Amino acid sequence: MLDINFIRENRDTVITGMKDKGEKETEVVDKVLEADQRWRTLVTKVDQLRSESNEKSKEIGILMSQGKKEEARKLINETTGYKADIKEAEKETEAAKNERDELLLKIPNVPHESVPVGFSEEGNQVFGSWGEPNQKDGLKPHWELADENDWIDFERGAKVTGAGFPFYIGPLARLQRALINFFIDEALAEGYIEIQSPYFVNEDSARGTGQIPDKEDMMYVIPRDGFFTIPTAEVPVTNFHRDEIFSMDQLPVKYVAYTPCWRREAGSYGKDVRGLNRLHQFDKVELVKIVRPSDSYEELENLRSYAESLLQKLELPYRTLLMCTGDMGFTQSKKYDLEVWSPGQKRWLEVSSCSNFTDFQARRMMLRFKNDQKKIEILHTLNGSGLALPRVVAALLETYQQADGEVAVPEKLQPYMGREVL
RNA sequence: GGAGAGAUGGCUGAGUGGUCGAAAGCGCUCCCCUGCUAAGGGAGUAUACCCUUAACAGGGUAUCGAGGGUUCGAAUCCCUCUCUCUCCGCCA
């Protein structure tokens, strides 16, 4: 959610930002401003009425305590009319506020000036790359390797739950556990605090990080209890500090959290969803930062390069994309995607997405801090995957497959696996 | 799942219809005093929003778990919900 005062003062910037993100209905900006103006006028009116009414009530109180019943009664009769007036004005105010807030939720975060303008994948810029993508023919895709060795069971997963809910068996189950531990240990060495979160969240939390109303359909719902299964640890972990005010010495806050993630992925199909490329349940180690506004873009670069370092340590070639305005999310101001090379499929697979949300999430969550002048300010939030497991596993299997049919274990993972081949 | 108790400011804790955004204590900040330390004295110390102001600041409204109701007036009375604690049951 953007600051209404920011919109008032930067109407054109907001509209340009919306257009750059591919949002057509930019007239909401003026509608918001209109509703806000109406609300302000009404608030002033309500406050005025309440003030008068309070004044009279206070007088009545004084008269009563002095035993002047008759005068008090007279005043009570005069005051009765306020009730209806206030109620009426409150109703209008509430309506205007709701209208304003609903419209406000439809306005996306403004892209940072360093973000390239573009409206599709083509607009993304290759920010950097590492390693040499293996273009050799004849390398097997991970699903073949997994199938030949009975490492992943998609069919039984489909029987037990549904498509996109695979079982991992034997060495592959262990490989996932090794990756989780490896990722968490690396983050701890970088000063992140490990945190374990609930896997279900309530509606307020989903709203806080912006899954509602923008991306409601991505989440599984548990209607009886009003819960959503988390699509990413970002949701519970960022909401952890909802409604809190930090002091300067508590910042920045850095968390690393491993959780499963559930995504409905409605509308996905084709070769994109083959094997481990796209699942309804997957494991991810997530990094969340809560930082001072002045530091957030620098922190984004740190986050990006940290995520990159993980792929380097696993010796998996990758490239980093700076996402263009149109391919970034509703809530982000700047975003990098890390894509690992999949030699068996000869394509890039997204394994991490590092984003700066500036104050967009924090405002809705009332996530604030007291600055040097003891003034309250909204914080900035960031997050990034460090990393998402399935595609790392896919790239790893395909990259480390050997002529003899075995799959080697990357050196850094060997202590976690206790062996050199899977 | 059954029975009971409770929810007040950073913390502890008073307050059962009127000048209560809320006593007191603790903590914290600033000042004074004291050659260090300890003790003492004074002032201050929630959040959101609206209005006025270039700004400093000032005025107003709301908030005592949440929402609704009664009343001229609610922390205080009524209803609903949530959460916490104790006991019983069940259980990884």
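The numbers in the first sequence follow this note's numbering, run straight up by one, and end at 428.
Ideal Cβ positions, reconstructed from N, Cα and C, are used throughout, including at glycine.
All values derive from a computational prediction rather than experimental measurement.
Item, Value
"Could you pull the DSSP bridge partners for G392 from this structure?", "Paired residue(s): none; G392 is not in a bridge."
"If you draw a straight line from the C-alpha of R56 to the C-alpha of K93, how long is it?", "10 angstroms"
"Could you check where the alpha helix (DSSP H) with R56 kicks off and where it finishes?", "33-71"
"Which residues mark the beginning and the end of the beta strand (DSSP E) in which K260 is found?", "259-268"
"List in chain order: all unbroken alpha helix (DSSP H) runs of 4+ residues lying wholly within the stretch 128-214.", "148-154, 160-166, 177-195, 209-214"
"Report yes if the CB atom of A414 is closer than 9 angstroms to the CB atom of F288, and no otherwise.", "no"
"Across which residues does DSSP place A414 in a beta bridge pair?", "V427"
"For V294, which of R269, E96, F206, I199 has the nearest alpha-carbon?", "I199"
"Quick check on T215: buried or exposed, where buried means 16 or more other Cβ atoms within 10 Å of its Cβ?", "buried"
"Which residues in the same chain have their Cβ closer than 6 angstroms to the Cβ of Y406, if we skip the five residues on either side of it in sequence?", "V413, A414"
"Please list the terminal residues of the continuous alpha helix (DSSP H) segment that includes K74.", "Looking at the DSSP string, K74 is not in any alpha helix (DSSP H), and its letter there is neither H nor E."
"Can the beta-carbon of G392 be found closer than 9 angstroms to that of Y312?", "yes"
"Would you mind giving the Cβ-Cβ distance between N389 and E240, rounded to the nearest angstrom? I have them listed as a contact below 8 angstroms.", "5 angstroms"
"Buried or exposed: where does N130 fall if 16 or more other Cβ atoms within 10 Å of its Cβ makes it buried?", "buried"
"Just the C-alpha distance for K341 and R44, rounded to the nearest angstrom, thanks.", "36 angstroms"
"Would L344 be called buried (16 or more neighbouring beta carbons within 10 Å of its own) or exposed?", "buried"
"Start and end of the alpha helix (DSSP H) containing S311?", "302-319"
"In whole angstroms, what separates the C-alpha of V357 from that of F160?", "21 angstroms"
"Please report the distance separating the alpha-carbon of V291 from that of K89.", "55 angstroms"
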